[in-house]
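Chains as they are written, first to last, in my numbering: chain A, 1 to 324; chain B, 1 to 370.
We put the beta carbon where it would ideally sit given N, CA and C, even for glycine.
Pasting the structure below:
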């Protein structure tokens with residue numbers, strides 16, 4: 001650290017160390033989440049899940065990752081090559097950058113920007129571009145259908161997502177994530193904004209393309225959706241991005257509604273991770289319980305129910321803030 | 001996609017033969033406009049094995065195992081139908097105990113078929129978990145049937161004139177326990193699936209079949225009963241020991257895929273009732289008719305026998321010319337007629353609906369291809 005500081009200056013050194021830490025966190029987190037998902041799914045489905053590799057299959061995903069890396073990267077003949085190869089990278093970079101502004105604890109934050117929320121949401125919208133690229137470049141009708149669905153869905157759900165988050169932002173008066181956590185010193189915002197919390201969880205599920213809103217990759221309809229034609233580690237990157245996205249939306253929910261890293265006894269980082277994984281567990285629970293909604297119902301749900309509710313919530317919050 | 005020119009609005013999407021929700025090797029050629037289907041054309045024949053032709057080249061007993069492979073999910077009904085046809089030709093009277101055993105095992109097989117359908121159907125709708133619960137229940141049936149029939153899937157249990165092996169106390173006790181267990185499970189399914197908002201929205205008013213369409217297309221089984229026609233061979237042309245039991249024929253009102261779902265779920269409950277009654281009334285006696293000829297050589301004649309299989313009416317038309325081999329056997333399979341309505345139902349629906357409709361038809365593709 002000291003060596004880096006001398007060589008690059010404090011600011012740059014902070015960024016380098018931060019990025020390395022982020023990449024490490026992203027990989028370990030994805031490995032853990034995939035294992036967790038398999039275990040959660042298995043126990044909800046009367047089966048033990050992976051048991052052989054490591055304690056209760058804990059190293060199973062490592063073995064899977066090694067297998068994925070060892071696999072041949074197949075490029076189908078008629079793909080749009082540059083776009084096809086670029087898509088997995090484009091989907092992965094923004095989720096990586098989103099970690100920059102997340103406060104893991106009081107001190108553990110790489111960069112506390114005053115536009116933190118907006119930055120994360122802006123990066124989140126970039127994933128749509130990558131999905132569209134992947135779907136279009138694959139030259140596969142199922143992929144294109146998946147990509148089109150994904151774009152329509154993400155555009156529709158980003159609006160209520162942002163609007164629901166506006167309510168707590170109004171209460172705090174800052175876009176900085178650290179400020180938002182700081183404002184929840186006395187009580188968590190889930191108590192004052194229960195509707196916003198529910199709306200956020202629904203939108204977040206849709207935003208991360210997870211069941212019951214997993215239409216872009218609806219297996220029984222579109223085989224695998226936009227990543228049908230990807231193999232090996234390219235497929236692995238899509239997978240990694242999906243699970244990291246889950247972490248980010250859950251982290252946002254924790255920061256906005258569950259008091260972030262606040263909690264008794266344990267250091268902040270533990271509380272933060274406990275809350276994040278609890279929300280991820282909730283998302284997994286949804287996935288293995290609900291059937292999939294139909295596409296038109298999904299869009300109708302966003303425009304006719306979620307957005308009006310989010311606006312109503314915002315208006316009421318604004319009114320109360322004004323009257324106080 | 002672009003080769004067809006930009007002025008053309010539609011494109012062709014190939015659903016299958018390798019696709020997660022065509023259940024086997026069915027191919028549906030879809031003409032689509034965006035996500036909407038303008039034309040659906042099922043393409044069958046990938047699993048053709050020539051069962052009917054095989055029948056002409058082997059004697060009557062040798063054809064028995066083939067029946068378990070036409071529709072492997074409700075194999076015992078097909079066994080029974082063929083046995084009934086040959087028994088009619090031979091003029092054999094099946095003892096009462098054998099008929100009871102046929103009803104018990106046949107109904108258990110129907111439940112196992114419906115359970116598999118239930119899981120697979122919900123899988124088509126995007127719910128992954130139910131299929132594992134259904135398989136868990138089905139496993140008990142398979143174990144029980146394995147005990148008496150000797151196999152878990154492609155049963156070949158019935159013989160001309162009865163059944164070769166009697167059921168024992170353990171089977172009866174196990175079946176009673178299973179009935180109790182499945183009834184508690186139905187409550188869970190009801191709470192988690194039937195009352196699920198997403199499920200109801202996905203299935204209500206989708207794939208509506210009118211009563212006229214049922215008759216036009218020659219649909220049978222849960223397909224017609226979902227549209228409100230109480231047509232069930234077990235009641236309309238009673239066979240075996242069915243007239244002795246008290247059971248209802250569940251029917252739907254609208255004919256959408258939700259109705260077909262409800263009909264099948266209620267049918268399982270009725271099957272449980274039938275099994276319970278049959279176990280209570282199970283008579284003692286022989287399980288094989290006396291004087292079954294060693295060499296089956298029926299007199300000249302033609303017979304038709306039909307049973308209510310899990311998917312609808314299964315008919316077996318046997319033509320005998322007085323030889324050891326049948327002259328011709330025609331198998332009337334329900335899935336073939338049931339699938340024929342798919343093109344009409346799928347116009348102007350979404351792919352998601354098509355998958356749901358196909359699931360609600362409950363096709364067994366090898367049965368269509370035969």
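| Query | Result |
| --- | --- |
| Does the CB of residue 132 (chain B) have a neighbour CB from chain A at under 9 Å? | yes |
| With a Cβ-Cβ cutoff of 9 Å, do residue 164 (chain A) and residue 207 (chain A) count as a contact? | no |
| Tell me where the beta strand (DSSP E) around residue 302 (chain B) begins and ends. | 301-309 |
| Determine, for residue 292 (chain A), whether the minimum Cβ-Cβ distance to residues of chain B falls below 9 Å. | yes |
| Can you list the residues of chain B that residue 141 (chain A) reaches, using a CB-CB cut of under 9 Å? | 1, 11, 12, 13, 14, 32 |
| Pull up the DSSP beta-bridge partners for residue 314 (chain B), would you. | B:307 |
| Assuming residue 143 (chain A) and residue 228 (chain A) make a contact with CB atoms under 8 Å, what is their CB distance in whole Å? | 5 Å |
| Does residue 211 (chain A) get closer than 9 Å to chain B when you measure Cβ to Cβ? | yes |
| Please name the residue, chosen from B:62, B:332, B:100, B:124, that lies closest to residue 203 (chain B) on a Cα-to-Cα basis. | B:124 |
| Using a Cβ-Cβ cut-off of less than 7 Å, list which residues of the stretch 120-148 of chain B approach chain A; keep chain order. | 122, 123, 124, 125, 126, 127, 128, 129, 132, 133, 136 |
| Which value, in whole angstroms, describes the spacing of the CA atoms of residue 13 (chain A) and residue 22 (chain A)? | 14 Å |
| Have a look at residue 79 (chain B) and residue 258 (chain B) and give me their C-alpha separation to the nearest angstrom. | 30 Å |
| Suppose you measure from the CA of residue 28 (chain A) to the CA of residue 137 (chain A); what does that come to, to the nearest Å? | 30 Å |
| Would a C-beta distance cut-off of 9 Å place residue 160 (chain B) and residue 81 (chain B) closer than the cut-off? | no |
| Taking 9 Å as the cut-off, decide whether the C-beta atoms of residue 281 (chain A) and residue 251 (chain A) are in contact. | no |
| Considering only residues of the same chain and omitting the five flanking positions on each side of residue 188 (chain A), which have a CB-CB separation below 7 Å? | 257, 258, 259 |
| Between the beta-carbon of residue 122 (chain B) and the beta-carbon of residue 103 (chain A), is there less than 9 Å? | no |
| Could you work out which residues of chain B lie near residue 256 (chain A), taking near to mean beta carbons separated by less than 7 Å? | Result: empty, since nearest Cβ-Cβ is about 26 Å, beyond 7 Å. |
| Which partner residues does residue 320 (chain B) have in the DSSP bridge list? | B:301 |
| Check whether the Cβ atoms of residue 175 (chain B) and residue 287 (chain B) lie closer than 9 Å to each other. | no |
| For chain A, find out if any of its Cβ atoms is closer than 9 Å to the Cβ of residue 353 (chain B); answer yes or no. | yes |
| Is it right to say residue 88 (chain A) is buried, meaning 16 or more other beta carbons lie within 10 angstroms of its own, or is it exposed? | buried |
| Thinking just about the alpha-carbon of each residue, which of A:222, A:255, A:215, A:71 is nearest to the one in residue 299 (chain A)? | A:215 |
| Does DSSP put residue 30 (chain A) in a helix, in a strand, or in coil? | helix |
| Would a check of beta-carbon distances place residue 289 (chain A) closer than 9 Å to chain B? | yes |
| Extract the residue ranges of the alpha helix (DSSP H) inside the stretch 55-86 of chain B, only unbroken runs of 4 or more that lie entirely within it. | 64-67 |
| Please go through the stretch 184-230 of chain A and give each complete alpha helix (DSSP H) segment of 4 or more residues, from N-terminal end onward. | 189-192, 194-207, 219-222 |
| Along the chain, where does the beta strand (DSSP E) containing residue 317 (chain A) start, and where does it finish? | No beta strand (DSSP E) holds residue 317 (chain A); the alpha helix (DSSP H) holding it covers 307-323. |
| If you measure from the beta carbon of residue 364 (chain B) to each beta carbon in chain A, is any gap under 9 Å? | no |
| Is there a Cβ from chain A that is less than 9 Å from the Cβ of residue 202 (chain B)? | yes |
| Could you tell me the boundaries of the alpha helix (DSSP H) in which residue 284 (chain A) lies? | 268-287 |
| Return the residue from the list B:75, B:324, B:319, B:268 that minimises the CA-CA distance to residue 293 (chain B). | B:324 |
| In whole angstroms, what is the alpha-carbon distance linking residue 304 (chain A) and residue 156 (chain A)? | 11 Å |
| Could you give the distance in angstroms between the alpha-carbon of residue 140 (chain B) and the alpha-carbon of residue 178 (chain B)? | 7 Å |
| Report the rounded CA-to-CA distance for residue 48 (chain B) versus residue 333 (chain B), giving the unit in angstroms. | 13 Å |
| Is the CB of residue 204 (chain A) under 9 Å away from at least one CB in chain B? | no |
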